[in-house]
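**Q**
In full-length UniProt numbering, the protein residues as written are 1 to 728.
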C-alpha cells in the first residue's frame with residue numbers, strides 16, 4: 001500500500017472522495033482541491049484510467065525542509081532517481097511555491113532539475129534529457145512555508161484531457177468540471193430511470209459527450225495515449241495491459257446498450273460542427289441529435305417526458321457583453337419553465353446574480369471553479385409556474401401558538417435588524433416548551449434567506465412520534481412565517497449533554513452559502529456539521545475584537561473557521577495567527593480570510609492544540625481571543641474541560657500577552673464559573689457578558705459568557721513591554 005494524492009478543481013473534493021472510494025481506494029481524506037488516499041499500484045492506475053473528476057494523481061516521494069536553495073537541492077538528491085528514471089530518459093518538473101523564502105516557482109523547478117541531472121552525471125557521466133510535453137516522468141514539487149513535497153505525477157498531463165477533443169469553442173468547459181455538473185445534476189440516476197440528456201447551448205459538446213461516456217461506462221482515460229507512468233522505471237506493463245483490456249470490454253458492452261437519447265443545440269452553426277467532430281472522435285456521434293437552434297426554441301424531443309437539461313451558458317467574461325447576459329439567462333429560464341415540465345435542470349451560471357435572472361427556484365447551489373472563474377451550479381426540478389400548490393392541512397393548536405409567537409418575534413426584530421444591517425440572526429429559541437428548538441436565519445449575499453433549525457432533544461416522556469410531528473410543524477411554521485421554501489431549511493437535532501464537540505460531522509454535502517456580517521463575508525455550511533461556521537451569538541464579541549485589534553498582533557485560539565481573525569484583520573491588526581487542531585476547519589478558515597482579501601504571511605493558520613501552541617510559541621500578542629469548547633477529547637491532544645482547565649489556559653495566554661494586551665475570553669458552558677480568585681493574581685478582569693449578548697438573543701442571556709482580561713499594572717519604575725509582537 002502506498003499513499004497518493006489526487007488533485008481536482010476546487011468544489012469537486014467531496015465528489016472526488018466518493019469516486020476514489022468506489023475505485024477501491026482506502027483512507028480517503030478530502031482536502032482543499034484534492035483528496036489523499038491509499039492503495040496499491042493498481043488503485044493508482046485505476047484512478048488515472050477511470051477518474052472523471054481528478055486532475056492529476058500524485059505519488060509522494062519525499063517531504064523535507066527547504067528554506068533555501070541548498071536545502072532544496074540536498075533534499076532532491078536524497079532520492080535515488082535511478083529507481084524512477086532511466087539515464088537516457090526524459091523528465092520535466094512542475095513547481096509551485098507559497099509562503100516560502102524560495103518564492104519563484106521557475107527557480108524552484110530549475111534547482112530540482114539540476115539536482116536530478118547532477119545525480120545521474122555524478123554516477124556514470126550520463127544525464128537524462130528534458131521534455132516538457134510528454135516526458136518519461138513528470139516531477140511535481142510544491143513548497144509551502146519552506147516545506148517541500150516532492151511527487152511523481154502519474155497522470156503526466158491533466159486528466160481532463162480525455163483524448164477525444166479536436167476542436168473547442170472560445171471558453172471550453174473542462175471535462176472533469178462537466179462530469180461534476182452531471183453528477184450534481186443526478187444524471188446517472190436519471191439515465192437509469194429512462195431519462196434523456198439535453199444541452200440547449202451545447203457549444204463544443206463537452207457535457208453531452210461526458211454524459212454519453214458516463215452512461216456507457218466508458219473509462220474517461222481510455223482514449224488517452226500518454227500517461228506519466230508509461231516511462232517510469234517501476235511501471236507494471238502487464239497490470240496496465242489487464243486494466244486496459246477490462247476497460248475496453250466494459251466500453252464495448254456499454255456502448256452496445258447505450259440509448260440514442262442525447263440532444264444538443266446551439267445558435268452558432270460552427271459550434272454544431274465542432275460538437276459533431278468531437279462526438280465522432282469520442283465514438284458516440286451515432287447516439288447524438290444536434291441542431292442549430294436559439295435557446296428560446298429549445299424543446300424536449302418528441303416522446304420524451306423526462307430527463308436532465310444541462311448547460312453552461314456564457315458568463316460575459318470572455319463571451320458576449322456582460323450587460324446582455326441577464327437577458328440570455330432570463331430567456332433560458334423562460335424556456336425551461338415553459339417547456340421542460342417534469343425534467344431535472346442544472347445550469348452553471350457565472351455568478352449568483354445571473355442565476356437569479358433565470359427566475360427558477362434552485363433546490364441546490366454548488367460553488368465550482370471553471371478554470372480561475374468562480375461559478376455557481378444551480379440544480380432544480382422544473383415545474384410550470386402556475387402549478388397548483390399542494391393543499392396543506394390546518395395547523396394544530398400547538399403549531400398555531402408557535403406561529404403566533406414566531407410572527408411576534410419577527411415583527412419585534414425586523415426594524416432593528418434592517419437598521420443595523422444584520423443578515424444572520426436568531427428568530428426563536430425554545431420560547432414554547434412544547435417546541436424546544438432554535439431557529440436561525442442566514443441571509444446569503446444573493447438575497448435569499450436560509451433557515452437553520454436546531455431541535456433540542458425531547459424529554460423522555462414525549463413519545464417519539466409526537467417529537468417527529470412537532471419537528472415537522474416547526475419546519476412548516478418557520479418556512480411560512482419567514483417566507484423560506486423547504487429546500488432552504490436545514491434541520492438538526494442537538495442533544496443535550498456534558499460538553500460536546502462543535503466539530504462533529506453530520507452530513508457530507510459540502511454545500512456552502514456566502515453571508516455577510518458587518519461588511520465582511522463568510523462561508524457557512526448549514527448541513528454538514530453541528531454548527532454552521534458562524535456563531536450568531538458571538539456577533540458582538542467579534543465586533544469587540546475588531547474594535548480592539550487596531551495596531552496589534554492578534555492570536556485566535558480554538559479558531560474554528562477564523563471569523564474572529566477576519567474581524568481582527570478588518571480592524572487593523574498588524575497580523576493574525578489562527579490556531580486550531582482541525583485541518584478541515586483551518587481550510588475553511590483560509591477560505592474565509594481569502595474571501596475578504598486577507599492572505600499571505602501576515603495571516604498564519606497553525607494546526608495545533610491550543611495549549612501545545614502556547615507552550616511552543618515565543619511570540620507576543622496585543623490581542624488574544626480564546627473561545628474554547630466546553631469539552632474536547634480529541635485523539636491528538638489531551639482531554640480539555642473548560643471549567644477545569646480555563647485557569648491553566650489563560651495563564652498560558654498571559655505568557656504570550658504584551659504588557660498592555662487584552663485577552664477576550666468567552667465560552668458557551670452555561671454553568672461556567674470564572675475562577676476569579678486564581679486569575680486576579682495576574683489579571684484585571686472585566687465581565688463583558690451582558691454587553692456581548694445581541695438583541696436577538698436577549699431571551700437567552702446565558703447563551704455565553706465573555707470576559708476581558710488585562711495584565712495587572714506593573715510596579716512603578718518597570719518599563720512596559722512594547723505593544724508590537726516581540727519576534728522569536
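Ideal Cβ placement from N, Cα and C applies to all residues, glycine included. If you're wondering where the values come from, they're calculated on a predicted model, not measured in any experiment.
Quick one: what's got a C-beta closer than 6 Å to residue 116's C-beta in the same chain, skipping five residues either side?
**A** So the qualifying residues of the chain are 81.
**Q** Could you check which residue in 427, 197, 294 has the C-alpha nearest to that of residue 258?
**A** When only C-alpha atoms are compared, the closest one is 197.
**Q** Could you tell me whether the Cβ atoms of residue 159 and residue 2 are closer together than 7 Å?
**A** Cβ atoms of residue 159 and residue 2: not closer than 7 Å.
**Q** Do three or more CB pairs link the stretch 231 to 246 to the stretch 302 to 314 at distances below 8 Å?
**A** The stretch 231 to 246 is not in contact with the stretch 302 to 314.
**Q** Taking C-beta to C-beta, are residue 329 and residue 357 nearer than 7 Å?
**A** Yes. Within cutoff.
**Q** Cα separation between residue 713 and residue 679?
**A** Spanning the two alpha carbons is a distance of roughly 14 Å.
**Q** Would you kindly work out how many angstroms separate the C-alpha atoms of residue 373 and residue 620, rounded to a whole number?
**A** Residue 373 and residue 620: Cα-Cα distance of roughly 39 Å.
**Q** Could you tell me the distance, in whole angstroms, from the CA atom of residue 544 to the CA atom of residue 572?
**A** Taking the straight line from one Cα to the other gives about 13 Å.
**Q** Beta-carbon within less than 7 Å of residue 401's beta-carbon, same chain only, minus the 5 sequence neighbours each way: which residues are those?
**A** Excluding positions up to five away in sequence, the list reads 432.
**Q** What are the uninterrupted segments assigned as beta strand (DSSP E) that are 3 or more residues long and contained completely in the UniProt domain "THUMP" (43 to 154), given in chain order?
**A** Listed in chain order, the complete beta strand (DSSP E) runs (minimum 3 residues) inside the UniProt domain "THUMP" (43 to 154) are 56 to 65, 90 to 98, 137 to 144, 147 to 153.
**Q** Just to confirm, is the Cβ distance from residue 429 to residue 484 under 7 Å?
**A** No, Cβ-Cβ distance for residue 429 and residue 484 is not below 7 Å.
**Q** Let me know the secondary structure DSSP gives residue 8 once reduced to three states.
**A** Coil at residue 8, not helix or strand.
**Q** Within the continuous beta strand (DSSP E) that includes residue 209, where are the two ends?
**A** Segment 206 to 215 is the alpha helix (DSSP H) holding residue 209; no beta strand (DSSP E) there.
**Q** What did DSSP end up calling residue 434 once you bin it into helix, strand or coil?
**A** Residue state, collapsed to three classes: coil.
**Q** Residue 58 to residue 4, Cα distance in whole Å?
**A** Cα to Cα, the separation comes out at about 6 Å.
**Q** Measuring CB atoms only, is the stretch 74 to 94 touching the stretch 124 to 144, in the sense that at least three cross pairs come out at less than 8 Å?
**A** Verdict: yes, contact present.
**Q** Could you please give the first and the last residue of the uninterrupted beta strand (DSSP E) stretch that includes residue 643?
**A** Per DSSP, residue 643 belongs to no beta strand (DSSP E); it is in the alpha helix (DSSP H), 642 to 655.
**Q** Among 29, 228, 700, 706, whose alpha-carbon lies nearest the alpha-carbon of residue 646?
**A** With distances taken between Cα atoms, residue 646 lies closest to 706.
**Q** Is the separation between the beta-carbon of residue 427 and that of residue 473 shorter than 7 Å?
**A** In this structure, residue 473 does not lie closer than 7 Å to residue 427 by Cβ.
**Q** Does the pairing of the stretch 605 to 617 with the stretch 578 to 593 give three or more beta-carbon distances under 8 Å?
**A** Enough Cβ pairs lie closer than 8 Å, so yes.
**Q** List the residues that DSSP assigns as beta-bridge partners of residue 606.
**A** Residue 606 is bridged to 579.
**Q** Spatial neighbours of residue 73 within its chain, please: C-beta separation below 6 Å, excluding the five flanking residues on both sides.
**A** Excluding sequence neighbours, residue 73 sits near 111, 115.
**Q** Just mark residue 594 as buried or exposed, buried being the case when its beta carbon has 16 or more other beta carbons within 10 Å.
**A** It counts as exposed.
**Q** Taking the C-alpha atoms as reference points, what is the distance between residue 228 and residue 141?
**A** Approximately 15 Å, taken between the alpha carbons.
**Q** Applying the 10 Å Cβ sphere with the 16-neighbour rule, what's the burial state of residue 552?
**A** With 16 or more other Cβ atoms within 10 Å, it is buried.
**Q** State yes or no: is the C-beta of residue 208 within less than 7 Å of the C-beta of residue 199?
**A** Yes; because the gap between Cβ atoms is below 7 Å, this pair is in contact.
**Q** Buried or exposed, going by whether 16 or more other CB atoms sit within 10 Å of the CB of residue 210?
**A** That one is buried.
**Q** Roughly how many whole angstroms lie between the Cα atoms of residue 684 and residue 666?
**A** Rounded to the nearest angstrom, the two C-alpha atoms are 16 Å apart.
**Q** Inspect the CB distances between the stretch 169 to 189 and the stretch 246 to 254 and report whether three or more fall short of 8 Å.
**A** No, they do not touch.
**Q** Roughly how many whole angstroms lie between the Cα atoms of residue 561 and residue 590?
**A** Those two C-alpha atoms are separated by around 8 Å.
**Q** Shortest alpha-carbon distance to residue 447 belongs to which of 516, 419, 466, 381?
**A** Measuring from the Cα of residue 447, the nearest candidate turns out to be 516.
**Q** Determine the closest residue to residue 563 out of 521, 526, 529, with distance taken between C-alpha atoms.
**A** Among 521, 526, 529, the Cα nearest to that of residue 563 belongs to 521.
**Q** Who are the Cβ neighbours of residue 654 in its own chain at under 6 Å, not counting the five residues just before and after it?
**A** Correct list, in chain order: 682.
**Q** Out of curiosity, what's the CA-to-CA distance linking residue 722 and residue 631?
**A** Caution applies to residue 722, whose pLDDT of 48 falls short of 50 and renders its modelled position unreliable; the value that the coordinates give is listed next. So the alpha carbons of these two residues sit roughly 35 Å apart.
**Q** Do the CB positions of residue 290 and residue 343 come within less than 7 Å of each other?
**A** Going by C-beta atoms, residue 290 is not nearer than 7 Å to residue 343.
**Q** Residues bridged to residue 29 by DSSP?
**A** According to DSSP, which records beta bridges pairwise, residue 29 is partnered with 36.
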